[in-house]
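Quick note on numbering: full-length UniProt numbering labels position 283 of the sequence shown as 283, and the sequence is numbered without any gaps.
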Amino acid sequence: MFACIAAFTAVNASAQTDAPAFTIPAKQIDTVSIKHLKSAKRILLPTANVEVLNWGKITSVTQTSALQTLGGASTSSARSTMEVAVPSDVPMLRAVADELYQDLATKLRAAGWEVLTFDDVKADPVFIKQSQEKTDPKIGAPVRKLTLGKQKMHYTVVAPAGMPVFDPGMTMPLWGLRSLLKDRDTHALEATYRFDPIALTAKSRHGIGSNTASTAAEANLTLSHAQGTFVTSKLAPGNVRLKEPIAVAGNIGEIKKAADVSPQLANAISEALTFLGNAGAISSNKGLYICDVDQAALKTSILLAGKIFNDEIVKGLGKAP
C-alpha cells in the first residue's frame, strides 16, 4: 500500500514535468522456480488476459467500543458504503490484450527463446478440451468476482480475439496442458494484467461521544496484480509476479453520481453490468456512482504498464538456455 501511495506521488509529479510516469522498482518483482526453465528453450504463449475493474464496492462500519461504553457513551454505530461502476470497452481491451501478447512474444524472441503461439496449438486436441470461463452476455466477456477485506470487485476479463480465457478451476489453467508440453518439449507461459481504474478507500473513527464512518473513490489507475505464470516442459510450476499494487496514472476519469451522467452512458452501463439485475434505469440506484473513464487515456496507460511488466517477465525468465 505504501508503494502505491508513493507511486501516485511520483505519477502526479512526473505529469507536471512530462517525465516518464510509470516504472516498476526491482524490489516489487518476485520470481519462483526460474531455475527449472533450463529444461527447454521453447515457450508456448497460449493466451494472455487483461482484467479491468467494472464494478467496486467498499463498506466502512464502526460501533461503540467497550472503552466508550465505560466512559458513559450510549451504544451507536455508523456505516458508509461506496459503490462505483466503470464502463468496459471490450473491443478496445481485446486490442490491448493482443498488443501486449505480441509485445511479450517479440521480447521473448529477442532474448533467444523459440516462441510457440496460439496459432501453433489451437488445433491440438489437448488444447481444445481445456475448460474456458463463460462469457457474460451483458458484458461480452467473462467476469471474475473478488472479495478483499471490505471490498467487493467485479473484473471484465479479455484475451486477444479468438484466444481463450481459461477457467482457473482448482489448479492453475496451464496444468491441463502438461501432456502437450511434454510432447512438444516446451514450457507454457500465461501473462495476466489486472487494472483498477478506481481507488476505493474506507475510514472509521471512534469519537468521545459518537462514531463516524466514511468511504471515497478516486479515478486513479492501479496495476493491482500482474503475473507471468509458467509450467515447464518437466512440469515444474513457477511465476514472475508483481508483489503488491502499484500506481500507473492519476485522474483517469471522473467520479459522478449515477443520476448525473449522460443518458447514453447510463443506459450503456445499466444494460451491461449484471449486478443491477432487473432494478431498472441506472439513475434509480441512488447509492451508485459512475467512473466516466477517459478510454483513450486508459488504453495508453494500460499498454504502458503492461509492456513494462512484460520487460520484467523477460528479465525474470532470463536468456534461453
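Glycine residues also receive a C-beta, built at the ideal position from the N, C-alpha and C atoms. These numbers were taken from a predicted model, which means no experiment stands behind them.
Closest residue to residue i among the options (Cα-Cα distance)
i      : options                        : result
Trp113 : Ser224, Arg241, Leu37          : Leu37
Ala191 : Ile24, Val50, Ser39            : Val50
Met153 : Glu83, Arg241, Ile302, Asp185  : Glu83
Val248 : Gly306, Thr232, Ile43          : Gly306
Ile125 : Ile313, Leu235, Asp183, Leu221 : Per the sequence shown, residue 125 should be read as Pro rather than Ile. The residue with the shortest Cα to Cα distance from Pro125 is Asp183.
Leu54  : Leu44, Lys145, Asp30, Leu116   : Reading off the sequence, residue 54 comes out as Asn, not Leu. Selected option, being the one with the closest Cα: Lys145.
Thr232 : Asp98, Gln295, Pro321          : Pro321
Thr215 : Phe230, Ile198, Gly228         : Ile198
Ser33  : Val143, Lys299, His187         : His187
Asn239 : Lys35, Thr23, Ile24            : Lys35
Pro173 : Gly162, Leu189, Asp185         : Leu189
Leu100 : Leu265, Pro237, Ala141, Ala226 : Ala226
Thr81  : Ile313, Ala236, Ala217         : Ala217
Val61  : Asn251, Lys243, Lys150         : Lys150
Ser224 : Pro237, Arg241, Lys107         : Arg241
Gly140 : Leu235, Ala40, Val165          : Val165
Three-state secondary structure assigned by DSSP to residue i
i      : result
Gly238 : strand
Pro321 : coil
Ala10  : Confidence at Ala10 is low in this model, with a pLDDT of 44, below 50, so its placement is unreliable and the value that follows should be read with caution. Of the three classes helix, strand and coil, the one that applies to Ala10 here is helix, per DSSP.
Ile282 : Caution applies to Ile282, whose pLDDT of 47 falls short of 50 and renders its modelled position unreliable; the model cannot decide the point.
Gly140 : coil
Ala123 : coil
Ile34  : helix
Gln102 : helix
Glu133 : coil
Val165 : coil
Val115 : strand
Thr23  : coil
Val90  : helix
Val158 : strand
Val96  : helix
Val261 : coil
Cβ-based burial, residue i [other Cβ within 10 Å; buried from 16]
i      : result
Gly56  : buried
Ala26  : exposed
Arg79  : exposed
Ala281 : Confidence at Ala281 is low in this model, with a pLDDT of 46, below 50, so the placement of that residue should be treated as unreliable; the coordinate-derived value is given next. The residue is exposed, with fewer than 16 neighbouring Cβ atoms inside 10 Å.
Gln130 : buried
Glu133 : buried
Ala66  : Here the model assigns Ala66 a pLDDT of 44, short of 50, so the residue's position is not dependable and the matter cannot be decided.
Ala85  : buried
Ile128 : exposed
Pro137 : exposed
Pro263 : exposed
Asp185 : exposed
Thr212 : exposed
Leu148 : exposed
Ala279 : Confidence in Ala279 is poor, its pLDDT being 42 and thus under 50, which makes the residue's placement too unreliable to answer from.
Beta bridge counterpart(s) of residue i as assigned by DSSP
i           : result
His187      : Ile43
Asn49       : Thr192
Leu200      : Ala217
Gly56       : Val84, Met153
Asp292      : Glu254
Val231      : Ala188, Pro237
residue 325 : Since the first residue shown for the chain is 1 and the last is 321, residue 325 is missing from the structure and cannot be characterised.
Leu146      : Met153
Val61       : Arg79
Ile29       : Leu242
Beta-carbon spacing of residue i, residue j below 8 Å
i           : j      : result
Ala202      : Thr59  : yes
Leu93       : Thr47  : no
residue 348 : Val90  : The structure shown does not extend to residue 348, since the chain is modelled only from 1 through 321, so no value can be given for it.
Ala110      : Leu45  : no
Thr222      : Asp260 : no
Thr23       : Ile308 : yes
Ala219      : Gly253 : yes
Ile313      : Gln28  : no
Arg178      : Leu116 : no
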